[in-house]
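There are 2 protein chains.
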Amino acid sequence: MSNNTTSETKSSNNNTASVTKSYPMNGGDGTYSYMKNSSFQREASIIAKGMIEEVIAKKLDIEKITSASNTFRIADLGCSVGPNTFISMQCVIEAVEQKYIFKGLKSQLPEFQVFFNDIGTNDFNTLFTSLPARRNYFANGVPGSFHGRLFPDSSLHIVHASFALHWLSKVPEEVLDKDSPAWNKGRIYYASASDEVANAYASQFAKDMDNFLNVRAKEIVIGGMMVLVMTATPDGVHRSKTGGGILYDTLGSSLMDMAKVGLVNEAQVDSFNLPVYAASPKEMTELVEKNGNFSIERMQPTDPLLRIDDAIDMQMCTMHIRAAVEEIIRKHFGSEIIDELFDRFYQKAAVYSQMDSSYKKKNLLFLALKRK
Amino acid sequence: MSNNTTSETKSSNNNTASVTKSYPMNGGDGTYSYMKNSSFQREASIIAKGMIEEVIAKKLDIEKITSASNTFRIADLGCSVGPNTFISMQCVIEAVEQKYIFKGLKSQLPEFQVFFNDIGTNDFNTLFTSLPARRNYFANGVPGSFHGRLFPDSSLHIVHASFALHWLSKVPEEVLDKDSPAWNKGRIYYASASDEVANAYASQFAKDMDNFLNVRAKEIVIGGMMVLVMTATPDGVHRSKTGGGILYDTLGSSLMDMAKVGLVNEAQVDSFNLPVYAASPKEMTELVEKNGNFSIERMQPTDPLLRIDDAIDMQMCTMHIRAAVEEIIRKHFGSEIIDELFDRFYQKAAVYSQMDSSYKKKNLLFLALKRK
């Protein structure tokens, strides 16, 4: 291995530390599984479908990127267990095939190799046993954090990541430090916290995104594309007025309510923070431009992320939040508080959802980047 | 997708049928897990290590196979859950690195990408969470039967398979047919059965091996190599006198003993056959030569496969057999017979192992092939 490669691989291995701090979506196919509780994300995938088709049709230069090989490699980062990832990958493949056909290159259609990536503790067993029986691609699972290197140099043509990049590599250190002005006492998220806390989160996200763009720049061929679907804070909207902000704040205040009646320890709440950040389109533009490896081909705020129109939807929403964050909460607080916590969360969130619905707008950002 | 590719991918998908008939090694890391009960296979990996190093040093033409890319791709077929597969992959990588260094190409050392393959119901979760933290390769899991296509055209440089190719794609149909002279009544294996039964097994193996060599020939670059470690029947030794033959026959007669006292149904035993075959070096030579896609670079019968020197080793041997075939037996006979069956197997096998040890010789075949 060249020195360069060795240090990269090392850096990938050093990321093991953050991988072990990462938590998978709920595995299996049970009541609280991500598989059964990811219809919001699926809805977003369907919204994204049209945009994916369009950017591939208009922006992808297939002659440029596939000259060296007849294999077209696509990765889905933070894929969880399906079925959404299968829908997204099929969508990408069909859009690429259409492009070949449109260009009169039907006879040169490539073979597709799809890399399903998530952290090593993700339930890959469920992913693999639920792969579509009829598929026109070679399937691979890739364990590891997308904050580190996952693939060889210049080996990918399209990278897709949906509802993944809001996961930080770690909780910003300052928010756990009692002596810092950014100490996040009594909260588990930055949305309704002080600007110091929010800045600590933003700064961690900026570091993570810069690193993410650097490692992907190595892995993606020149002209290759990234299609990102992200939870976002709309430009001009305060962080506490977004869907994610309200929901995670409500989860935090449910924990604090439990602390007040002695069901959890308040110090435990103080020392727990969700490593999640929802950037704004403006922030993402600045970060991508500052990084310099990718051009922005499309940046499209969209909605709805969550259709919280009535109490029934809030029940579904509770199940979704639970599928996503149960594991990280369980590791910090223990299993015994989970049911009580999400009962309380549901009660509080259902009341709120009757009062205001402005927070539902433009919580989703569709972003298409091209490797320069 | 070109017609050619589509039909290949289809054929890969059609193999889903045989995949669903395949059974994984015992997963997890419990008492009866493959992870804890694969030291025989590990011992064989250690024996194979020297031979792998030698064939890579002497036979692999690295300039020829890696000109188009700086990624060196290695697959381990039928990898199970580790740790043996990690040892084998490290061995292959080190041998390739040594070759580069020896050739004065240290500055051109490639990045390594390793593909861990096994059927989709294999415990990939355990495999992924036990990956070596310090590794100098990008790790991938590939779910699917090695009897079908798994990788894009010309995408692999070295394929390794240890204790995998003895698994047939299916039980030969004739041995389940009451009207056939090859009906295997009262047995679960061909070793001590009639020649008709043995021929049916041999014929299925020949078909599977020809297909295996054809699909791998598509996936491996010209000049790329396959390193196979197989359970084998030594040339000139009757099939009933090999380690595997004796052990599986003993398992079958343990089942028949249970049938006699009503613990299982005799018809159930008649309808169960292990889809496993141990070819001889002579057979393998003929099959590879007839197929024509690969040259034989080395064919080395070796031993010991099983070091069954005393009762303690037979206990270990029982655990090993159990880790390998428990799942397929469970699916046919149900969970409740498992403990009793392996208790009986252990008693019978322990007595036999005191009587004779000639069957321990040359039960292992090391084979290195090069893609023409």
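One line per chain: the protein sequences are A and B, in this order.
Okay, so the first sequence: first residue is 713 according to this note's numbering, each after it adds one.
Okay, so the second sequence: first residue is 713 according to this note's numbering, each after it adds one.
We put the CB at the ideal spot given by N, CA and C, even for glycine.
Residue i vs residue j beta-carbon contact at 8 Å
| i | j | result |
| --- | --- | --- |
| S904 of chain A | S952 of chain A | yes |
| N852 of chain B | F827 of chain A | yes |
| A990 of chain A | T945 of chain A | yes |
| K1082 of chain B | K771 of chain B | yes |
| L862 of chain A | L940 of chain A | no |
| E823 of chain A | T797 of chain A | no |
| V976 of chain B | I1049 of chain B | yes |
| V981 of chain A | I900 of chain A | yes |
| Y812 of chain A | Q820 of chain A | yes |
| H872 of chain A | I774 of chain A | no |
| F858 of chain B | F924 of chain B | yes |
| L1077 of chain A | M942 of chain A | yes |
| L888 of chain B | F917 of chain B | no |
| G936 of chain B | I870 of chain B | yes |
| N738 of chain A | E1038 of chain A | yes |
| V1089 of chain A | I768 of chain A | Nothing about residue 1089 of chain A can be read from this structure; chain A reaches only from 713 to 1084. |
| A865 of chain A | K776 of chain A | According to the sequence as given, residue 865 of chain A is Asp; it is not Ala. No, these two residues do not count as a Cβ contact at 8 Å. |
| L1053 of chain B | M968 of chain B | no |
| D835 of chain A | G742 of chain A | no |
| I759 of chain A | T1014 of chain A | yes |
| K1060 of chain A | S915 of chain A | no |
| M1031 of chain B | Y849 of chain B | no |
| V666 of chain B | G860 of chain B | The structure shown does not extend to residue 666 of chain B, since chain B spans only 713 to 1084, so no value can be given for it. |
| S874 of chain B | Q753 of chain B | yes |
Where residue i sits in the DSSP three-state scheme
| i | result |
| --- | --- |
| F827 of chain B | strand |
| N782 of chain A | coil |
| H878 of chain A | coil |
| L1017 of chain A | Reliability fails at L1017 of chain A, whose pLDDT of 45 lies under 50, so the model's placement of it is uncertain and no value is given. |
| G853 of chain B | strand |
| H1032 of chain A | helix |
| D1055 of chain B | helix |
| I900 of chain B | coil |
| A910 of chain B | helix |
| H872 of chain B | strand |
| D835 of chain B | coil |
| I799 of chain B | helix |
| Y812 of chain A | helix |
| R861 of chain A | coil |
| G1046 of chain A | coil |
Residues that DSSP places opposite residue i in a beta bridge
| i | result |
| --- | --- |
| D773 of chain A | In the DSSP output, where bridge partners are listed per residue, D773 of chain A has none listed. |
| K1082 of chain A | A:M937, A:S1007 |
| V976 of chain B | V976 of chain B pairs with nothing; no bridge assigned. |
| T943 of chain B | B:L1076 |
| V927 of chain B | Per DSSP, none; premise fails for V927 of chain B. |
| L789 of chain B | B:N829, B:A873 |
| V988 of chain B | B:W879 |
| I932 of chain B | B:L868 |
| Q916 of chain B | Note: Q916 of chain B sits in no beta bridge, so no partner. |
| Q1012 of chain B | B:F1078 |
Under 9 Å from the C-beta of residue i: neighbouring residues of chain A
| i | result |
| --- | --- |
| Q980 of chain B | None at all; the shortest Cβ gap to chain A is about 26 Å. |
| F814 of chain B | Simply none; closest approach about 15 Å. |
Contact set between residue i and chain B, taken where Cβ atoms lie within less than 8 Å
| i | result |
| --- | --- |
| G832 of chain A | F840, T841, L843 |
| N852 of chain A | F827, N852, G853, V854 |
Per-residue contacts from residue i into chain A (C-beta, under 7 Å)
| i | result |
| --- | --- |
| F924 of chain B | The contacting residues do not exist; F924 of chain B stays about 17 Å from chain A at best. |
| Q825 of chain B | P864 |
Within chain B, partners of residue i - CB distance below 7 Å
| i | result |
| --- | --- |
| S867 of chain A | T783 |
| D835 of chain A | N837 |
is_contact[residue i, chain E] using C-beta, thresh 8 Å
| i | result |
| --- | --- |
| G964 of chain B | This model lacks chain E altogether; the protein chains it does include are A and B. |
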